[in-house]
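Protein chains in written order, with this note's numbering: chain L, 1 to 583; chain D, 584 to 836. Even glycine gets a Cβ: it sits at the ideal position worked out from N, Cα and C. These notes concern the structure reproduced below.
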Amino acid sequence: MKKLIVFMLGFLLIPASAFAVSVKARVDKTQMTPDDILTLTVSISDADAEVDTSGIKDFRILSHSTGSSFQWINGKSSHEYTHNYSLSPLKKGHLIIPALTLDDKGSSYHTEPITILVQDSPVSDKDSRDIFVQARVNDDLPYVGQQIVYVFSLYYGIQITNPSLQVPDFKDFMVKETDKDTNVTKLIGGREYNVIERRIVLVPLKDGTVEIPPSVLTCDKVVKQGTQRRDPMDSFFGNSFFGRSRLERKVLRTNPIPIRINPLPANPHDVEFSGLVGQMTLSAAMENHDIKVGDSTTLTLTLDGIGNIMDVEEPKINVPDGLKMYRDNPQEDVTIGRKGYAGKKIFRLALVAIKDGTFTIPPITVNYFDVEKGQYQILVTPAFELDVAPSDQSGERQVAPLINEEGTQDKDRPLRIKKKVEYTGHDILPLKESLDGVENRPGMSLAMFILLLILPALGAGGLKAILLYTGRGKSQASLMVRRAEKALKSAGKSGTPEDEFLSALYRAFISMVLSRGGMVGETLTTAEVRNILTKANLKQEDIHEAEDLLNRIESIRFSGGALNDATRKELMDKTRQTIRRIR
Amino acid sequence: MMIGMRRLTVLGMMSLMIFVHAGAQASEAAREYLEGIQLYNQGHYEKAATLFETVAEKGVINGKLYYNAGNAWFKEGNIGRAMLWYERALNIMPHDPDLRYNHDYVTGLLKDKSEDKTSPVFKVLFFWKEMLNKNIIRWLALGFFLIFWVRVVIGMLNSGRSMKLIDWLFLSLALVFTFTSFNDFYNARFNEHAIVLVESVSVRSGLTEESTELFVLHSGTRVGVDDELRGYVKIRFSDDKIGWIKREDIEII
């Protein structure tokens, strides 16, 4: 029951905390002349409280208006009620708007008091502090190698445009990186400013006193023309686009910053200095303490802290014989903070057992310079024991590397390293001991080459001679083929008379048909052509075409009809085509 | 008949004597070769190299033998003779991986940087010279010619048909490889190369020791041999580096 009551009370408290009331008072200027009008805005969130202005004695309240706004941010709603007062100063000097009291449902809330300087002379731009710049470092007594942060801040309570920043060249420092600009709102002396900050990490390179020169900001200030009265529509119509404002060029400089850089003292330890300057911690963990030969375990070293952590090299690790070490790419998780870069660097090392036994990985040490303590510190990990049992597999086992080709670890696979194979020693390769090394292998001589080259030619020539000598039918066929080719060539010559052309075509055709029959002769009838080509196993359609061609040539040849160029060409092509098929 | 039988007997005996002599020579070469290997493995490199050279002087032409001689001379510390035998082996088995490795390794130890300006265009155009060894090119030439002539014969027997595109292709390939082979024969006969054997040698402008020293070559460097006169050899290291050195300072590959 008690638990239930506590729970219910807790539940009821949630809205109270979620909708906590906050009050704020701000002015549009902190310096003015007696003729100026000051605008005081009191805002209260999530409560519509009455403002007690009876405490304002140094100003006369000219007017009072109220407004409200509703916001929904990150799933939370909020109401803000504002009270705007136009105030006229009653005297000169440092006037005070006292802490104002707001009452809401029995609760009282108070604003902060605001001081306003009222004087006769017109307020200069610088004094008005509508816009100003600042530069600072987080540590003006750093050590060599220690990261410090240079912060440039631009404060503006009015509308500005075309800002341009020139930071110094920081010649005595190594500039590590420029972070993204941040943009926040700050309340200073009761006035609300937009603040843009740029952070630059600097690493002093040598000891001594140096001065960071000023940063220079140039921008255009938007000056409203006409009434100073704040109007809700000002934000829209009161800009230069509609011609009711003008731009004033402003050049703002920060103050130079003197810095005294201390040298690093001599390293009093035996352990070599790692080059780390900052504040660090070192932790180590081993994935598995019992493995078998050929298996691996991962040793993880984590350096965590503030400083030049990204520059740190892998600490020296003495791996005993019997283990092989493969390195993964170091993992960095470093961000810029108020004191420079902070984060961690993780070294993962795969240890592969290549023989059984118990192995001890001795403590790993890192010597760094602690900037807070101003002295060198030794970080030490514990020693790790690794028990390696014999492999399940008999015989020698190939040790599988454990990091993949890119040097990164896959989640679903064991780590695997693949490295380019490099020569580790140089020597010539050994003798060739086979007995064929004494066999004489002179290779082909020129005479033998020429002989072998001409032998086939001689053979072909001899065969040709035999064929010619014996006068076998095959040579008659070749004779007729040559005659056909010759006749066709003769027919193809330009300027050949018509009768000679037709005669040559006829001779070419008949000779080719006769060659297929292994015969010689001068003329053939259509029936004889059919007979020869049929015996030569020609296709029927080719035989028909051959018959048609013969009839056509004979018809033109004996009819004496004139041949025009087109018909002559067509007949020539047809004869060539038919002869090719017969062949 | 009797005379014929007698002639046959004499011929048979002569053949047997030649065979026995050749066999004895072969067995002696084999013994020396094996002994050379044994000496090499025992670390007696100079003796091993001398034995390998002795076998080679008996007329044995074998890339492995030359390779072994090169190895032995290298181990003995004589880079000049090692390069000489590696170069000789490369003429026989240019694509042997062990040989190429050892040759490249020893080349890397030479003091003189090669100024071989063989155009890469030439290497691309005559790519088969780089890819194939000389014997294979010769056999390819013979093979393509044989195919060509066989097809010619078939054509003759087959109604005397004329040559087709494929016949021209075989003929072209046969001619290309034949030309390459003759080029290789020509280079082997008339385009000699040599290796510098002495530690350092001055290449001079003339055939005397008083002649101007033009440049200096070192052991193992390969040079072209253009001429030989009165105990001096005109060598060509590159197109613009020519001079005379003593004959005994180099050895023809």
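- Chain L places no beta carbon closer than 7 Å to that of Leu667 of chain D, leaving this residue out of the contacts.
- Sequence-ordered contacts of the stretch 433-454 of chain L with chain D read Glu433, Ser434, Leu435, Asp436, Gly437, Val438, Glu439, Asn440, Arg441, Pro442, Gly443, Met444, Leu446, Phe449, Leu452, Leu453 [C-beta pairs closer than 8 Å].
- A direct Cα-Cα distance of roughly 5 Å separates Leu90 of chain L from Phe59 of chain L.
- Residues of chain L whose Cβ lies closer than 9 Å to the Cβ of Lys712 of chain D do not exist; the shortest such Cβ separation is about 16 Å.
- About 7 Å separates the beta carbon of Ile158 of chain L from that of Val222 of chain L, a gap short enough to meet the 8 Å contact definition.
- Collapsing the DSSP output to three states places Arg813 of chain D in coil.
- For Lys292 of chain L, not one C-beta of chain D is nearer than 7 Å to its own C-beta.
- The alpha helix (DSSP H) runs lying completely inside the stretch 477-537 of chain L and spanning 4 residues or more are 498-517, 526-535, given in chain order.
- Among the residues of chain L, those whose CB is under 7 Å from the CB of Ala613 of chain D are Leu435, Val438, following chain order.
- Just measuring C-alpha positions, the residue of L:Glu554, L:Asp542, L:Ala350, L:Thr567 sitting nearest Gln577 of chain L is L:Asp542.
- Apart from the 5 residues on each side of it in sequence, Thr66 of chain L sits with its Cβ closer than 6 Å to the Cβ of His83 in its chain, given in chain order.
- The residue from L:Glu545, L:His544, L:Lys186, L:Ala389 with its alpha-carbon nearest to that of Val293 of chain L is L:Ala389.
- Residue-level contact by beta carbon holds for Val643 of chain D and chain L, with a gap shorter than 7 Å.
- Residues of the same chain with a CB within less than 7 Å of the CB of Ile364 of chain L, apart from the 5 flanking positions on each side, are Ala284, Leu301, Pro315, Ile317, Thr381 in chain order.
- The C-beta distance from Val438 of chain L to Ala613 of chain D rounds to 5 Å, short enough to fall under 8 Å.
- Between Gly307 of chain L and Val277 of chain L, the C-beta spacing is below 7 Å.
- Neighbours of Leu429 of chain L in chain D, taken as residues at a C-beta separation under 7 Å, are given in chain order as Asp681, Tyr684, Asn685.
- Residues of chain D with a Cβ closer than 9 Å to the Cβ of Ala389 of chain L do not exist, since the nearest Cβ in that chain sits about 41 Å away.
- Under a criterion of Cβ atoms nearer than 7 Å, the residues of chain D adjacent to Leu467 of chain L are, in order, Met739.
- Across the stretch 753-783 of chain D, CB contacts with chain L closer than 7 Å involve Thr761, Ser764, Phe768, in sequence order along the chain.
- The C-beta of Ala639 of chain D has 16 or more other C-beta atoms within 10 Å across all chains shown, which makes the residue buried.
- Cβ-Cβ distances below 6 Å link Ser153 of chain L to Gln134, Val195, Glu197 in the same chain, with the five nearest sequence neighbours on each side left out; the list follows chain order.
- If you check the CB distance, Asn162 of chain L and Ser274 of chain L do not come in under 7 Å.
- When Cβ pairs closer than 8 Å are counted between the two stretches, the stretch 813-831 of chain D is seen not to touch the stretch 765-772 of chain D, the count staying below three.
- Beta-bridge annotation (DSSP): Ser153 of chain L is paired with L:Gln134, L:Glu197.
- Within chain D, the residues Met739 have their CB atoms less than 7 Å from the CB of Lys464 of chain L, given in chain order.
- Between the C-alpha atoms of Glu313 of chain L and Asp46 of chain L there is a straight-line separation of about 54 Å.
- Rounded to whole angstroms, Val27 of chain L and Glu248 of chain L show a C-alpha spacing of 23 Å.
- Annotation for Lys574 of chain L: the continuous alpha helix (DSSP H) segment containing it runs 565-582.
- For the C-beta of Ala460 of chain L, the chain D residues within less than 7 Å are, from N- to C-terminus, Trp732, Val735, Val736.
- The C-beta separation of Ile257 of chain L from Arg348 of chain L comes to about 41 Å, leaving the pair out of contact by the 8 Å criterion.
- Contact residues of the stretch 648-675 of chain D toward chain L are Leu648, Tyr650, Asn651, Asn654, Phe657, Ile675 (C-beta to C-beta distance below 7 Å).
- Nearest Cα to Leu729 of chain D within the set L:Leu458, L:Ser511, L:Gly518: L:Leu458.
- For Ile212 of chain L, the enclosing beta strand (DSSP E) starts and ends at 208-212.
- By the criterion of a C-beta distance shorter than 7 Å, Val529 of chain L is surrounded in its chain by Val513, Ala546, Glu547, Leu550, once the five residues flanking it on both sides are discounted.
- Per DSSP, the beta-bridge partners of His110 of chain L are L:Thr101.
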